[in-house]
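For the sequence shown, the working numbering gives the first residue as 33, with consecutive numbering after it.
The beta carbon of each residue, even a glycine, is placed where N, CA and C say it ideally should be.
Comments concern the structure below.
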Amino acid sequence: MRPMLHFTRKGNLFSQEYCSDNSYLKSDNEDTDHISERESHQLNLCKKIPVKETTSLNLTKHENGKKMINEYIKVRRISRGSYGKVAMYRNIKDGTPYAIKTICKSRLKKVRVTRRETAMENILREVSIMKMLDHPNIVNLIEVIDDQKADHLYMVLEYIEGNPISNIRRMTTRIGETTARSYFKDIISGLIYLHSHNIIHGDIKPENLLLTSSGTVKIGDFSFSYAFEDENDKLSRCPGTPAFTPPECCLDTVYGGKAADTWAAGVTLYYLVVGSFPFLADSIAETYDKIVNSPLSLPEELNPELNDLLQGLLCKDPMHRITLDDAAEHPWVVKEGDRVSIESSCSCRLLRSL
């Protein structure tokens with residue numbers, strides 16, 4: 033397997049390190065200072081405004097009784113996941129809203145996601161990857177608050193004044209093709225940008241796709257993401273959510289991360305236009321069996337061009353699965369004139385070298 037970009041943390045700072053195996057844990061006697069110094073400039077590959085690094089934490093209460101994290105005052109809870117909780121905060125200085133993700137470091141260090149990796153490694157990698165990215169269809173990381181004396185790490189994120197598209201789909205009896213097409217264009221625009229930077233999202237699903245008040249979809253939650261040194265995107269760890277897992281992952285084989293993201297985007301589009309998931313059963317084992325062995329079932333009344341696109345996205349053979357670049361040019365996607373927006377202003381060294 034070709035080298036993957038691995039991320040470790042020294043003190044409070046996140047840094048990229050190149051490693052030729054699958055280990056995320058560097059040995060204590062390994063000298064990495066020269067690597068961190070050489071590669072630290074890459075952490076903001078596309079960022080117009082670098083992510084703020086804050087190493088001191090001040091937890092207080094506002095005079096109205098609301099919790100405060102440094103200059104941010106809590107407004108309301110947004111969600112809670114397996115890795116942490118997210119709440120809306122406002123900057124007390126200028127009133128700007130943010131979503132702050134709170135992570136308990138000691139707890140996640142005890143949670144093993146693989147034999148050699150803890151959930152905390154996932155978080156460190158998520159932060160390091162998000163620090164690189166700047167794209168209209170990706171949630172923006174603003175600040176990382178990590179005090180060595182504190183047990184919690186805080187990710188200050190762009191606040192999206194809207195819902196995950198999963199909520200929109202549940203609240204609406206039917207999403208029309210025009211709306212689904214708009215959402216799908218945004219999704220693949222963000223994914224093409226990630227893949228062009230050799231980054232795999234690893235958990236594309238409606239819950240991780242946030243809809244702004246203006247109708248733009250933004251990709252969030254990079255806790256299952258990976259970054260690669262080159263275009264070899266082979267992985268052995270299964271993606272995040274069973275219903276969105278491609279057949280090649282269910283077979284416990286090495287698989288291509290980009291093709292897996294493409295499959296997940298196809299499952300998401302299917303969910304948007306059909307209202308259910310193409311392969312879902314009562315247990316994970318049964319779900320995997322359906323993904324591998326059951327044929328794709330599509331409504332007879334479905335638009336033939338949309339049918340063709342879904343067949344391509346959900347092709348069980350990853351070697352014959354449609355690519356995102358081809359999907360962006362598919363007749364159904366470009367039907368209403370506007371093509372997928374590909375970020376052309378990115379001038380980072382990595383993208384220029386591809």
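Residue i (DSSP reduced to helix, strand or coil)
i      : result
Lys133 : strand
Arg139 : helix
Leu328 : coil
Ile354 : coil
Ile316 : helix
Leu338 : helix
Leu346 : coil
Ile323 : helix
Glu69  : Confidence in Glu69 is poor, its pLDDT being 35 and thus under 50, which makes the residue's placement unreliable; the coordinate value appears in the next sentence. Note: Glu69 maps to helix in three-state DSSP.
Phe254 : coil
Phe260 : strand
Run of the alpha helix (DSSP H) containing residue i, from where it starts to where it stops
i      : result
Thr300 : Gly289 to Val306
Tyr215 : Glu209 to Ser228
Asp89  : The residue asked about is misnamed: residue 89 is Leu in this sequence, not Asp. No alpha helix (DSSP H) contains Leu89, which DSSP labels as neither H nor E.
Residue span of the beta strand (DSSP E) that contains residue i, given as start and end
i      : result
Ile251 : Val249 to Ile251
Tyr121 : Lys117 to Asn123
Glu280 : No beta strand (DSSP E) contains Glu280, which is instead part of the alpha helix (DSSP H) from Pro279 to Cys282.
Tyr242 : Residue identity differs from the one stated: residue 242 is Leu in this sequence, not Tyr. Start and end: Leu241 to Leu243.
Lys106 : Tyr104 to Arg112
Ile374 : Ile374 -> no beta strand (DSSP E), and no H or E assigned at all.
Lys99  : Lys99 to Ile101
Contact set for residue i: own chain, Cβ-Cβ below 6 Å, skip 5 residues either direction
i      : result
Pro278 : Ala292 and Trp295
Ser111 : Val118
Asn240 : Gly252 and Asp253
Asn102 : Asn90
Lys79  : Asp166
Arg109 : Ala119
Burial state of residue i, where buried means 16 or more other Cβ atoms lie within 10 Å
i      : result
Pro196 : buried
Glu153 : buried
Thr128 : exposed
Asn264 : exposed
Ser88  : exposed
Gly97  : exposed
Asp178 : buried
Pro82  : exposed
Gly113 : exposed
Gly234 : buried
Cβ-based neighbour list, residue i, same chain, cut-off 7 Å, excluding 5 preceding and 5 following
i      : result
Ala151 : Tyr115, Leu140, Val143 and Val145
Ala297 : Ile219, Ile220, Leu223, Ile236 and Leu345
Met162 : Leu173 and Phe254
Quick one: complete beta strand (DSSP E) runs, 3+ long, within the region 141-203? 173-178 and 184-190
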